[in-house]
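Undergrad: Numbering (my numbering), first residue to last: 29 to 549.
Glycine included, C-beta positions come from ideal geometry on N, C-alpha and C.
Pasting a structure below so you can have a look.
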């Protein structure tokens, strides 16, 4: 017992003599570089080395044990001991042929052929059944709400489930990586996180008492850039900014795709933004109140409808004031796994005619920045990020986009979303991100049923007593008109009520169209 105590005391002495000074010297160096906006390039070099190790690990083969040679001779050879998986944005378990066929039929774009009613019903029924099975196996929407699959194992235990046949060599690498992350990286990152948090709260609180507005604005910008850069170093973030000449400088609204709560931190390393978001409690609420002392930010309660109107008015006043910071908004409203861009809410596109789009693309090989809020608390997410290798992100500043003449807010939002998806190499999707928490609206289901009803009325002798013009209405109406129709439909309406409301809506749209034509002439 005495010898063991002496050994423990000796190890503790060595730690205090070498380990702690080493950690604190690294922390001080990183803080100095962050405050000055400099980098030695060490993180990028280490990240490149790690990627090469991961790629090497994907091709490692294991030498079989003597007793396994005979069994392996009877089995088919396997290409490698790590089963590679493509990125979830490219991964396809099946080819969704029948789902595409159904979409074509519902839009009336399929080739019209003379078929009997029985043939049409049987053919469509088989397509619907096949499309349903395809959606059960794999659909394009729910996969965007889970972590992206990796092409190779990154030696993190949380991503090990996607790969099999981990051999001895990779196990040794994982153990070495585990000690490196938890004994070297994590202590440094925790210290940097505490320093960044303390500097942001203390400096912004002090800046709030500066009477001179110009000096207050300058100090706040310097404090926020320094604090956010220290924050980013606490996760070993490697951020590459492209086309920086397109950054918003005064006022305006910036919109970006949303992957993580760290999106704001990443963007704030290069520019200062006014934030719009939901009021939080606890640590996040304390940070929100501290930030609001030095700059104008907009926090609101999602459950209060009247407050939303006040938020829109405050945002409009903010945008019209060129002395204030540009607002950063994530119109998707929820975190997506950075493989796609989902539907943008139209609210921010109604406030300003000019939008500054920003595309963000994370490299998940060193650490997945996606936050699955339904499975992880904010504290668990931060710890997962601190114990990852690094956070790598590319940011593209797109040229400002202005609403076209006659373009409604929904069409404008869709055009901006398409530009962001193209710049970031993401999939452009029209589905609402709120499907992450809510089921599909009954209104949407009813409209899909009406689309098929109209297909039957035009392709068969069924339903001949119902006017077939609602399908033309749905095809030709604008997004604003479609939204007006959805507002009239009640989820409790039966089929007859829906058809009646759609039929009543047709002459109103036709009258508006004719009035528009007369005005143009």
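Pick out the complete alpha helix (DSSP H) segments inside the stretch 259 to 319, 4 residues or longer, and give them in chain order.
TA: Within the stretch 259 to 319, the complete alpha helix (DSSP H) runs of at least 4 residues are 290 to 295.
Undergrad: Using DSSP bridges, identify the partner residues of residue 421.
TA: Its beta-bridge partners are 267, 390.
Undergrad: State the CB to CB distance for the pair residue 175 and residue 396, rounded to an integer number of angstroms; the pair is presumed to be in contact (CB under 8 Å).
TA: Yes, they are in contact, since the Cβ atoms of residue 175 and residue 396 sit about 5 Å apart, within 8 Å.
Undergrad: For residue 277, is the classification buried or exposed, using 16 other Cβ atoms within 10 angstroms of its Cβ as the cut-off for buried?
TA: Exposed: under 16 other Cβ atoms inside 10 Å.
Undergrad: Can you check whether the CB of residue 259 is closer than 8 Å to the CB of residue 314?
TA: No; because the gap between Cβ atoms is not below 8 Å, this pair is not in contact.
Undergrad: Could you tell me how far apart the beta carbons of residue 318 and residue 232 are, in whole angstroms, since I believe they sit closer than 8 Å?
TA: Right, their Cβ atoms sit about 5 Å apart.
Undergrad: Do you know offhand how far residue 309's Cα is from residue 407's?
TA: Distance between the alpha carbons of residue 309 and residue 407: 13 Å.
Undergrad: Touch check for the stretch 191 to 211 and the stretch 389 to 404: three-plus C-beta pairs under 8 Å?
TA: Output reads no: the stretch 389 to 404 does not touch the stretch 191 to 211.
Undergrad: Output yes or no for whether 8 Å exceeds the beta carbon distance between residue 383 and residue 344.
TA: No, Cβ-Cβ distance for residue 383 and residue 344 is not below 8 Å.
Undergrad: Compute the Euclidean distance between the alpha carbons of residue 316 and residue 266, then round it to the nearest angstrom.
TA: Rounded to whole angstroms, residue 316 to residue 266 spans 25 Å at the Cα level.
Undergrad: With a cut-off of 8 Å, do at least 3 Cβ pairs link the stretch 366 to 378 to the stretch 430 to 440?
TA: Touching, yes, given that three or more Cβ pairs across the two stretches are closer than 8 Å.
Undergrad: State yes or no: is the C-beta of residue 287 within less than 8 Å of the C-beta of residue 366?
TA: In contact: residue 287 and residue 366 (Cβ atoms closer than 8 Å).
Undergrad: Grab me the residues of residue 96's own chain with a C-beta within less than 7 Å of its C-beta, minus the 5 sequence neighbours each way, in chain order.
TA: With a pLDDT of 44 at residue 96, under the threshold of 50, the predicted position of this residue should be treated as unreliable, and no value is reported.
Undergrad: Got a sec, what are the start and stop residues for the beta strand (DSSP E) residue 328 sits in?
TA: Start and end: 326 to 328.
Undergrad: Quick one: residues in its chain with C-beta nearer than 8 Å to the C-beta of residue 339, no 5 flanking neighbours on either side, listed in chain order?
TA: The answer, listed in chain order, is 304, 326, 328.
Undergrad: With DSSP run on the structure shown, which of helix, strand or coil describes residue 370?
TA: If DSSP states are grouped into helix, strand and coil, residue 370 belongs with coil.
Undergrad: By DSSP's criteria, residue 456 is part of a beta bridge. Which residues make up the other side?
TA: Beta-bridge pairing links residue 456 to 369.
Undergrad: Quick test of the definition: if touching needs 3 or more C-beta pairs under 8 Å, does the stretch 245 to 253 touch the stretch 73 to 86?
TA: As far as the Cβ criterion goes, the stretch 245 to 253 does not touch the stretch 73 to 86, which means the pair count is below three.
Undergrad: Excluding five sequence neighbours on each side, which residues of the same chain lie with their C-beta closer than 7 Å to the C-beta of residue 385?
TA: 283, 426, 429, 444, 447, 448.
Undergrad: Taking DSSP's pairing of strands, which residues face residue 384 in a bridge?
TA: Note: residue 384 sits in a beta bridge opposite 282.
Undergrad: Under DSSP, the alpha helix (DSSP H) around residue 379 begins and ends at which residues?
TA: From DSSP, the alpha helix (DSSP H) with residue 379 extends over 375 to 379.
Undergrad: With residue 58 and residue 261 assumed to form a contact (beta carbons below 8 Å), what rounded beta-carbon distance in angstroms separates them?
TA: Indeed, because the Cβ distance is near 5 Å, the residues count as touching under 8 Å.
Undergrad: Could you tell me which residues DSSP pairs with residue 429 in its beta bridges?
TA: According to DSSP, residue 429 bridges with 383.
Undergrad: What number of angstroms, rounded off, separates the C-alpha of residue 183 from the C-alpha of residue 202?
TA: Whole-angstrom Cα-Cα distance: 5 Å.
Undergrad: Run through DSSP, which three-state label would residue 357 get?
TA: If DSSP states are grouped into helix, strand and coil, residue 357 belongs with the strands.
Undergrad: Please list, in chain order, all residues of the same chain as residue 217 whose beta carbon is under 6 Å from its beta carbon, the five residues on each side excluded.
TA: Contacts found: 262, 414.
Undergrad: Using three-state DSSP, classify residue 160 as helix, strand or coil.
TA: Three-state result, residue 160: helix.
Undergrad: Quick check on residue 460: buried or exposed, where buried means 16 or more other Cβ atoms within 10 Å of its Cβ?
TA: That one is buried.
Undergrad: Have a look at 250, 324, 312, 237 and flag the residue whose alpha-carbon is nearest the alpha-carbon of residue 410.
TA: The residue with the shortest Cα to Cα distance from residue 410 is 312.
Undergrad: Whose C-alpha, out of 249, 236, 357, 470, is nearest the C-alpha of residue 280?
TA: Of 249, 236, 357, 470, the residue nearest in Cα terms is 357.
Undergrad: For residue 251, collect the residues of the same chain with a Cβ closer than 8 Å to its Cβ; drop the 5 residues on either side in sequence, then sort them by chain order.
TA: These residues qualify, in order along the chain: 227, 228, 231, 232, 235, 322.
Undergrad: Just to confirm, are residue 285 and residue 388 a CB contact at a threshold of 8 Å?
TA: Yes; because the gap between Cβ atoms is below 8 Å, this pair is in contact.
Undergrad: Please report the distance separating the alpha-carbon of residue 133 from that of residue 355.
TA: In a straight line, the C-alpha of residue 133 is about 42 Å away from that of residue 355.
Undergrad: Out of 154, 292, 49, point me to the one whose CA is closest to residue 219's CA.
TA: Nearest of 154, 292, 49 to residue 219, Cα basis: 49.
Undergrad: Can the beta-carbon of residue 71 be found closer than 8 Å to that of residue 302?
TA: No; because the gap between Cβ atoms is not below 8 Å, this pair is not in contact.
Undergrad: Helix, strand or coil for residue 117, going by three-state DSSP, please let me know.
TA: In this prediction, residue 117 has a pLDDT of 47, which is less than 50 and means its spatial position is unreliable; nothing more can be read from the coordinates.
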